[in-house]
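In our numbering, the protein residues as written are 824 to 882.
Even glycine gets a Cβ: it sits at the ideal position worked out from N, Cα and C.
Working notes, beginning with the structure itself.
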Amino acid sequence: MPISQTVGANRIVPAIAIPHPFGDPSRNREEEKAIRRRLVEKSLKALQTEISEQTVFVD
């Protein structure tokens, strides 16, 4: 998240980690799918939200 803030991203959706932003290779297939679905849904909500300044979208 600090990198996103530093480069000036206007909508920030925290993910897992830099090497695996949309997943966690230590999880089984079902858990991995649930993680990815949650991140995509949160990202879509962020895109639909009107903002006026840099915003971090957390659960």
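Q: Taking Thr872 as the reference, give the member of Ile826, Arg834, His843 with the closest Cα.
A: By one-based count along the sequence shown, residue 872 stands at place 49. When only C-alpha atoms are compared, the closest one is Arg834.
Q) From Arg850 to Lys856, what does the alpha carbon distance come to, in whole angstroms? A) Position 27 of the sequence shown, counted from the start, is the residue given in the question as residue 850. Position 33 of the sequence shown, counted from the start, is the residue given in the question as residue 856. Cα-Cα distance, rounded: 9 Å.
Q. If we call anything under 8 Å between Cβ atoms a contact, is Leu862 one with Phe845?
A. Looking up residue 862 in the sequence shown gives position 39. Looking up residue 845 in the sequence shown gives position 22. The answer is yes: Cβ separation under 8 Å.
Q. Given Arg859, which residues of its chain have a CB within under 7 Å of its CB, disregarding the five upstream and five downstream residues?
A. The count along the sequence shown starts at 1 and reaches residue 859 at position 36. Excluding sequence neighbours, Arg859 sits near Phe845, Gly846.
Q: Please report the residue range of the alpha helix (DSSP H) in which Ile858 lies.
A: Taking the sequence shown and counting its residues from 1, one reaches residue 858 at position 35. That run of the alpha helix (DSSP H) goes 852-871.
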